[in-house]
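**Student:**
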Amino acid sequence: MEAAPIQSESFKLGFIGAGKMAESIARGVVQSGVLPPNRISTAINSNPNRGIAFQSIGVSLLPHNSDVVEDSDIVIFSVKPQVVKNVVLQLRPLLSKKKLLVSIAAGVKLKDLQEWAGHGRFIRVMPNTPSAVGEAASVMSMGGAATEEDGELVAKLFGSVGKIWRADEKLFDAITGLSGSGPAYIYLAIEALADGGVAAGLPRELALGLASQTVLGAASMAINSGKHPGQLKDEVTSPGGTTIAGIHELEKSGFRGTLMNAVVAATKRSQELSKS
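Heads up, the final residue of the sequence shown is numbered 271 in this note's numbering, and it's a clean run with no missing numbers.
1) Is the distance from the Cβ of residue 157 to the Cβ of residue 130 below 8 Å?
2) My parser needs the beta strand (DSSP E) runs of 3 or more residues fully inside the segment 151 to 220; what are they?
3) Applying the criterion that 16 or more other CB atoms from any shown protein chain within 10 Å of the CB defines a buried residue, is residue -4 buried or exposed?
4) Could you round the C-beta distance between residue 71 and residue 11 to whole angstroms and report it? I think they count as a contact, below 8 Å.
5) With 16 as the cutoff for other CB atoms within 10 Å, does residue 245 come out buried or exposed?
6) Of the residues 0, 33, -1 and 168, which one's Cα is nearest the Cα of residue 9?
7) Measuring only the C-alpha atoms, how far is residue 277 from residue 93?
8) What number of angstroms, rounded off, separates the C-alpha of residue 139 from the C-alpha of residue 151?
9) Would DSSP call residue 131 helix, strand or coil?
10) If you measure between the beta carbons of residue 145 and residue 119, is that distance less than 8 Å?
11) Residues in its own chain within less than 8 Å of residue 121 by CB, not counting five upstream and five downstream?
12) Taking the continuous beta strand (DSSP E) assigned at residue 120, which residues delimit it?
13) Determine the closest residue to residue 111 out of 239, 37 and 88, with distance taken between C-alpha atoms.
14) Taking the alpha helix (DSSP H) that residue 35 falls in, what are its first and last residues?
15) Would you tell me roughly how many angstroms separate the C-alpha atoms of residue 218 and residue 159, rounded to the nearest one?
16) Answer yes or no: do residue 227 and residue 180 have a C-beta to C-beta separation smaller than 8 Å?
17) Which partner residues does residue 285 have in the DSSP bridge list?
18) Per DSSP, residue 137 forms a beta bridge with which residues?
19) DSSP three-state label for residue 126, please.
20) Is the Cβ-Cβ distance between residue 126 and residue 27 less than 8 Å?
21) Work out the CA separation of residue 21 and residue 53 for me, nearest whole Å.
22) Quick one: Cα of residue 95 to Cα of residue 7, how far?
23) Count the other C-beta atoms from every protein chain shown that fall within 10 angstroms of the C-beta of residue 67, then say buried if there are 16 or more, exposed otherwise.
24) Just to check, is the beta-carbon of residue 38 closer than 7 Å to a non-hydrogen atom of the ligand ADP?
25) Find the nearest neighbour of residue 15 within the set 73, 59, 4 and 55, judged by alpha-carbon distance.
26) Relative to the C-alpha of residue 103, which candidate in 196, 82 and 91 has its C-alpha closest?
27) If we count the other Cβ atoms within 10 Å of its Cβ and call it buried at 16 or more, is residue 50 buried or exposed?
28) Do you know offhand how far residue 42's Cα is from residue 58's?
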């Protein structure tokens, strides 16, 4: 059966796997008005608390994964990477070319997903955990039979929980190293800034609030000002002032090189895991 266009006004969305990332995407899709909750479904196979989370959004709970596939035009595989092969193979008889398939399983390549499903109408997406607060950095790569219209629908879905880019799949290990693992690097930076505030005499709660808001504000400036981060840094840095004294210490400690090394190390580890 050949691929048919998905009707953007009436399509149904199903999640195979009801974890936190699936919940975040479903919540964003509903809150942004992209889809009403009665056109979204999932199945709860183990933890009943996950069912409560999805029901709070208004998502339909169906008995089995097969029911979700049959009820959906777009199917998002949001299971753990180590089980995605078995899940796709089990559902393969139901995965016709009429359905657009999407995977958010880290490290699982499109060529394998397409082989297991029996066709290439697949899109791979790499989101990250800030999808939970509507600030995801996601990247998608198109399968062989996915159409431009398919890509636009997926961009709209994932755009409801942040920003999404399109890139060649060969870049996905580096994307994992930067935006996939990157939130953890920033949490470390926030914690360290707060610890510095405490060392300088600030109360812990105030220091943590200031550190978190400072990172948020700086990121917003980098996104919205249209200026290069180096220019923004220069605008804060007065001759002989406090900021240049702090930057001097960061440079002496190899701050930029350490962050670069972290991204490269995470990229290499992603490459190793995708080959195993």
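No residue lacks a Cβ here, since even glycine has one placed at the ideal position from N, Cα and C.
All of these numbers come straight from a predicted model, not from anything done at the bench.
**Tutor:** In terms of the structure at hand:
1) A contact, by the Cβ cut-off of 8 Å.
2) Restricted to the segment 151 to 220, the beta strand (DSSP E) segments that are unbroken, complete and at least 3 residues in length are 157 to 161, listed in chain order.
3) The predicted model places residue -4 with a pLDDT of 49, which falls under 50 and marks its position as unreliable; any figure quoted below should be read in that light. Under this definition residue -4 is an exposed residue.
4) About 7 Å separates the two Cβ atoms, so the contact holds.
5) By the neighbour-count criterion, in which a residue is buried when 16 or more other Cβ atoms sit within 10 angstroms of its Cβ, residue 245 is exposed.
6) The shortest C-alpha separation from residue 9 is found at 33.
7) Nothing about residue 277 can be read from this structure; the chain reaches only from -4 to 271.
8) The straight-line gap from Cα to Cα measures roughly 20 Å.
9) Strand at residue 131.
10) Contact: no.
11) Around residue 121: 99, 101, 133, 134, 135, 167, 170, 171, 174 and 175.
12) Start and end: 117 to 121.
13) Nearest option by C-alpha distance: 88.
14) It is not in any alpha helix (DSSP H) - residue 35 instead sits in the beta strand (DSSP E) that spans 35 to 38.
15) Going by the C-alpha atoms only, they are around 14 Å apart.
16) Using a Cβ distance threshold of 8 Å, residue 227 and residue 180 do not count as a contacting pair.
17) Residue 285 is absent from the structure shown; the chain starts at -4 and stops at 271.
18) Paired residues: 118.
19) If DSSP states are grouped into helix, strand and coil, residue 126 belongs with the helices.
20) For residue 126 and residue 27, no; Cβs fall outside 8 Å.
21) When rounded, the distance between both Cα atoms is 10 Å.
22) If I take the Cα positions, the gap works out to 11 Å.
23) With 16 or more Cβ atoms within 10 Å of its Cβ, residue 67 is classed as buried.
24) The model depicted lacks the ligand ADP and carries no ligand whatsoever.
25) That would be 73, whose Cα lies nearest to the Cα of residue 15.
26) When C-alpha distances from residue 103 are compared across 196, 82 and 91, the shortest belongs to 82.
27) Burial check for residue 50: the Cβ neighbour count within 10 Å stays below 16, so the residue is exposed.
28) The alpha-carbon atoms of residue 42 and residue 58 are separated by roughly 13 Å.
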